[in-house]
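For the sequence shown, the residue numbers in mature numbering (1 follows the signal peptide of the UniProt record, and there is no 0) are -23 to -1, 1 to 119.
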Amino acid sequence: MPIRRVSLAFRAIGLTAAALSLAGCTTLTGGAPSSSFAPPAGGPSVGMQDGLAARPNSGLEAEASRSLALAAEYQALEYKGRGEAVTWQAESGESGRVVAYQPYRVGRQDCRQFSHTLTIEGEIKTLKGAACRTENGSWAVI
């Protein structure tokens, strides 16, 4: 019987080591990502300056449209649960729909993949990316 106890002890140690090695990669559950950082005090304009909508390939020319689109990206990443949409519409007729997906963690940073479907002059364009929360509480597209 002592050999069986040793075998069980090694098995328990092996399982513990495997569990600890997987602990570095976690997926968060629930709605919005948990964070040790507070949301930025400046709101969406501070929280999402380099979003997908601000990139040249977005096709958004008007500053008002870009501002609404960036605010929607921030709202989806910061406050919405997995798969919940945030929509926006500019006076120019441009519009969009942002959906953030399951939060996950990379090291100490909360991250989320998201998509932004834009409608510009009747054309539909979908941009996809991921963003991680920075130490100052803003979201940065990676």
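Cβ atoms here follow ideal geometry from the backbone N, Cα and C, with glycine treated the same way.
Helix, strand or coil: which one does DSSP assign to A62?
Counting from one through the sequence shown, the residue named residue 62 turns up at place 85. In the three-state reduction of the DSSP assignment, A62 falls in the strand class, which pools E and B.
Return the CA-CA distance between R59 and R82, expressed in angstroms with no decimal places.
Locating residue 59 in the sequence shown gives position 82, where the first residue counts as 1. Locating residue 82 in the sequence shown gives position 105, where the first residue counts as 1. Those two C-alpha atoms are separated by around 15 angstroms.
Going along the chain, which unbroken runs of the alpha helix (DSSP H) with 4 or more residues stay wholly within the segment 33 to 80?
Here the runs fully enclosed are 40 to 56.
Through-space distance from L54 to W65, alpha-carbon basis
For the purposes of this step, residue 65 is identified with residue 88 of the sequence shown, where counting begins at 1. For the purposes of this step, residue 54 is identified with residue 77 of the sequence shown, where counting begins at 1. Here the alpha carbons of L54 and W65 stand approximately 15 angstroms from one another.
Our contact map puts M25 next to L45 with C-beta atoms below 8 angstroms; I'd like the distance itself, whole angstroms only.
Walking along the sequence shown from the start, residue 25 turns up at place 48. Walking along the sequence shown from the start, residue 45 turns up at place 68. At roughly 11 angstroms, the Cβ-Cβ gap does not stay under 8 angstroms, so M25 and L45 are not in contact.
Nearest to G99 by alpha carbon, out of N113, Q90, A62, S69?
Taking the sequence shown and counting its residues from 1, one reaches residue 99 at position 122. For the set N113, Q90, A62, S69, the Cα lying nearest the Cα of G99 is the one of S69.
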